[in-house]
Amino acid sequence: EAALQAELEALRFEAERERVEAAENACARAEEALEAALTEQKETLEAKAEAATASALKAAEKDHEKQLALAKEAMAVKAQQDLKAHLEEQKATLGSVMSA
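So in the working numbering, spot 9 of the sequence shown is number 9, and the numbers just go up one at a time.
Okay, structure coming up:
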């Protein structure tokens, strides 16, 4: 009976060892799957961040171009106003010279 008891204990030990090994394998697979999911999520977030940055840069560039165009237009209007004022001065000076 002692031999049977020892064999039964050995079988229980082997069954427990197999359960532990199976649990360890399942944990390792779960860890690998989690790592893969985290890597994929990180890559997705990085791609989204790159796209958002590129979009923001493009928008800023467009805004800068608009600002530049407005500044050029304002300078052109100012130059026209200055020229008109100068011509008015010259016309007034010519008028006073001719009436004298």
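All C-beta atoms, glycine included, are put in the ideal place defined by N, C-alpha and C.
- DSSP, reduced to helix, strand and coil, places Glu-65 within a helical segment of the structure shown.
- Spatial neighbours of Ala-2 in its own chain (CB-CB distance under 8 Å, excluding positions within 5 residues in sequence) are not present.
- Within the model, the alpha-carbon separation for Ala-37 versus Ala-52 is close to 22 Å.
- Put simply, the backbone Cα of Ala-71 is about 22 Å away from that of Ala-56.
- For Lys-58 and Gln-41, the gap between their C-alpha atoms comes out near 26 Å.
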